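For the sequence shown, the working numbering gives the first residue as 1470, with consecutive numbering after it. Don't be surprised by glycine CBs; every beta carbon is placed ideally from N, CA and C. Only a predicted model underlies this, so the values are computations on that prediction, with no experimental measurement involved. Okay, so here's the structure we're looking at.
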Amino acid sequence: MKLALSILLGLIASAAAAHPGHIGTQNGHDHILALVLVILAALIGVAVLVRQLMRRAVRS
1470 MKLALSILLG
1480 LIASAAAAHP
1490 GHIGTQNGHD
1500 HILALVLVIL
1510 AALIGVAVLV
1520 RQLMRRAVRS
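Shown next, in the form of structure tokens:
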């Protein structure tokens, strides 16, 4: 359940980063910021996944 939630949050974050609300300001900085947000969302998702896998490994 938490895994699905984290994936959903990651998708929402990446979608929000890919489509910034400020359409009028399409500078290079916006694209860099969007890329950074997508990378951060992906890293957080991977960290959550690794943590869950480690917990399962410890239990078994």
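{"query": "Alpha carbon of residue 1511 to alpha carbon of residue 1474, nearest angstrom", "result": "13 Å"}
{"query": "Beta-carbon contacts of residue 1517 that lie in its chain and below 6 Å, excluding the five residues immediately before and after", "result": "1475"}
{"query": "Beta-carbon proximity check, residue 1506 vs residue 1482, cutoff 8 Å", "result": "yes"}
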